[in-house]
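*Asks:* Have a look at this one.
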Amino acid sequence: MSGDGGIPIGTGGVLPPMRGLGIAASGLSAQRARLDAISENIANAETTRGADGNPYRRKIVELQEVQYDPSLPDGQAVAPGQAGYGGVSVAGVVEDPSQGQLVYDPGHPDADANGYVRMPNVDLNTEMVDLLQTRRLFEANATVFQAIKSLLQRSTQL
Amino acid sequence: MLSRLFGSGSTVAQLKEGLDASSRAVRGIAHRVANAGDADFAQALQDAQGTAGSGGGAVDIQKEMVDLADQQVRFETTASLLQKTYEQIRSSIRG
């Protein structure tokens, strides 16, 4: 899972007319990172033993606003992700510290002395609601991207 | 003579300002939509707007999408007007 949240448009400065595209693209990357986390959570909903021997813990993507300065003078180039450019970035991926359910299953290889197994703290309902929201936001960002693209296209036809 | 056609206060300059305003508005929409899932941003936006929180995110996606469509139509109209104005200038030069 990539936690860079990088905006895949250009590495150098981007002139303000193209900035809107970069902002919308950052929204797309952010939602894709959330989508990655959700699919990892669902895939591991029953993983009682992770790499450290403990049950899997739900991953949460933390998003952070990239400061937006609408008054940046025209012609001044700002790199995507830089303060003033605007958009969103992935601040990091954290683990949900809450404890998962205890399930009585004495035959389970990970059961404790009393026969209880600590399940991951993944709640499928929560993940599904997050999934719906993420998809809706992804679509909204894609719509904005498309709109800005058509505006730019229109201005080349003057 | 030409400054009256292209200079400040001319139709061309005013229409150009309209295009700039639409671009700026769309960029603002892009920023708010990109941050729609961010709880900290929602709080900051609420503080800036002075509105009481209603539980969910402060960014209203529906409103932003309506604004986006509105700005698209504005941009398209202004661009068409600008195009016509340029055509008029062109034909008056050619005679």
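So the protein lines, in turn, are chains A and B.
Each position in the first sequence, counted from 1, maps to that position plus 245 in this note's numbering.
Each position in the second sequence, counted from 1, maps to that position plus 31 in this note's numbering.
Glycine included, every Cβ here is placed at the ideal spot set by N, Cα and C.
No experiment lies behind these values; they were computed from the predicted model shown.
(1) Can you have a look at Tyr349/A and say buried or exposed, based on whether 16 or more other CB atoms are within 10 angstroms of its CB?
(2) Does the Cβ of Ile124/B have 16 or more other Cβ atoms within 10 Å, making it buried, or fewer, making it exposed?
(3) Going by DSSP, which residues form a beta bridge with Ser334/A?
(4) Does any residue of chain B bring its CB to less than 8 Å from the CB of Pro325/A?
(5) From the DSSP output, in three-state form, read off Glu48/B for me.
(6) Quick check: what's the CA-CA separation for Asp101/B versus Val367/A?
(7) From the DSSP output, in three-state form, read off Thr256/A for me.
(8) By Cβ distance, which residues of its chain are closer than 6 Å to Phe390/A, with the 5 residues on each side in sequence left out?
(9) Just mark Met364/A as buried or exposed, buried being the case when its beta carbon has 16 or more other beta carbons within 10 Å.
(10) Measure the beta-carbon distance from Asp357/A to Thr293/A and round it to whole angstroms, keeping in mind my assumption that it falls under 8 Å.
(11) Kindly say whether Ser54/B, judged by its beta-carbon, lies nearer than 8 Å to any beta-carbon of chain A.
(12) Counting C-beta neighbours from all protein chains within 10 Å, is the total for His62/B 16 or more, i.e. buried, or is it exposed?
(13) Could you check if Lys94/B is buried or exposed, using at least 16 other CB atoms within 10 Å of its CB as the buried criterion?
(14) Contact between the stretch 44-58 of chain B and the stretch 289-307 of chain A: three or more CB pairs below 8 Å?
*Replies:* Here's the rundown:
(1) The residue is exposed, with fewer than 16 neighbouring Cβ atoms inside 10 Å.
(2) exposed
(3) Ser334/A is bridged by DSSP to Gln309/A.
(4) no
(5) helix
(6) Between the alpha carbons of Asp101/B and Val367/A lies a distance of about 41 Å.
(7) Here Thr256/A scores only 43 on pLDDT, less than 50, and its place in the model should not be relied on; the value that follows carries that caveat. In the structure shown, Thr256/A sits in coil (DSSP, three-state: anything other than H, G, I, E or B).
(8) The answer, listed in chain order, is Ala269.
(9) Buried.
(10) Between Thr293/A and Asp357/A the Cβ distance is about 11 Å, and since that is not below 8 Å, they are no contact.
(11) At least one chain A Cβ lies under 8 Å of Ser54/B.
(12) buried
(13) exposed
(14) no
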